[in-house]
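So the structure is just underneath, and the comments pick up after that.
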Amino acid sequence: MLNSTVVGRVDVTPELMILQVKPDAGVPPFQPGQYVALGLPGSAPRYPGAPGEAEAPAADKLIKRAYSIGSSPAVGEYFEFYIAIVPDGALTSRLAVVKPGDRLFAQPKVTGTFTLEGIPDDHNLVLVSTGTGLAPFMSMIRTPTTWTSSRKITIVHGVRYPQDFAYSDELNSFVSQRAAFEYLPIASRAPESFSGRKGRVQALFEDGSLQLNAATDHVFLCGNPAMIDDLERDLTTKLGYTVHSKKAPGNLHVEKYW
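Numbering of the sequence shown is given in this note's numbering, commencing with residue 131 and proceeding in unit increments.
Now the structure itself:
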């Protein structure tokens, strides 16, 4: 049942962690933006002080949840996941205590259509996230083929508090290395002393920080459902965007994962 090993862990905050997982069978081919299910049995320990479970799962029951992959397919050694620990979450209250060397389940099949497939090389990418919705975008920008010579890439990352800006060092390094990359972090509950952008992600679209052209800019949305609903409504009604699907390709790509 347990077919993978934790090979790395970074605690961003007590509620946020980056987990690296190596499947016994190796990392299968995948596209940036896809996801895989992780799992632990009901018998796995939960973090100390976790709220009681209304109905404890059977000891041999595999508790599974899907997580976007944050690593690039080019890595090939492990999957990386950016995970928010939900105190009463059936799985995350157990993932909260895993450490390198521990065993867990990783679904052998990688899936998902939230990818760059079909996007012309000369079209720009505006990758908009809140919280752990940043993960699929890290996979995209870590993958060399994403960076075409005529493409600009912008990442928007909305969080509550400045300490929640995971990957900020890596993203700022992209800023310094690539003229065609822009990183816009914004915190909705930042203290007065915080000198960065304050507010909701939606504000960056309302105040002119982001100038979009539906003919050349593909927008990806991943994270808080309220953010996605607001921007999907505004981009489709005001800027002429169309929601992408396999049957009807569009320029607004949406991943609703909670």
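Virtual Cβ for every residue (Gly too), placed ideally from N, Cα, C.
Please state whether DSSP places residue i in a helix, a strand or coil.
i: D337; result: coil
i: Q303; result: In the sequence as presented, Gln is not what sits at residue 303; that position holds Ser. In this structure, S303 counts as helix in the three-state DSSP scheme.
i: Q293; result: helix
i: S298; result: helix
i: T284; result: strand
i: P274; result: helix
Could you tell me the boundaries of the beta strand (DSSP E) in which residue i lies?
i: L168; result: 165-171
i: G138; result: 134-143
i: Y313; result: 311-317
i: R195; result: 192-198
Hey, could you find the ends of the alpha helix (DSSP H) residue i is sitting in?
i: R363; result: 355-368
Since residue i sits in a beta bridge, which residues does DSSP pair it with?
i: F350; result: L257, H383
i: M147; result: D141, I213
i: V82; result: Residue 82 is absent from the model: the chain starts at 131 and stops at 388.
i: R327; result: I316
i: V205; result: Bridge partners of V205: none, in fact.
i: K152; result: T135
Relative to the ligand HEM, is the shortest distance from any of its heavy atoms to the C-beta of residue i smaller than 7 Å?
i: W277; result: As far as ligands go, the structure on display features none, and thus does not contain the ligand HEM.
Meets three-Cβ-pair contact criterion under 8 Å: the segment 135-151 and the segment 181-195 = no
Does the count of Cβ pairs from the segment 215-231 and the segment 164-176 closer than 8 Å reach three?
-> yes
Does the segment 203-218 come close enough to the segment 278-290 that 3 or more CB-CB pairs lie under 8 Å?
-> no
Any alpha helix (DSSP H) of 4 or more consecutive residues that is wholly inside the segment 224-269 = none
Contact between the segment 233-246 and the segment 338-346 (3+ Cβ pairs under 8 Å) = no
Three or more beta-carbon pairs under 8 Å between the segment 255-268 and the segment 348-356, yes or no?
-> yes
Is there contact between the segment 234-243 and the segment 315-327, where contact requires at least three CB pairs shorter than 8 Å?
-> no
Validate contact between the segment 354-370 and the segment 328-336 using beta carbons, cut 8 Å, 3 pairs | yes
Cβ contact check for the segment 176-188 and the segment 159-167: 3 or more pairs under 8 Å | no
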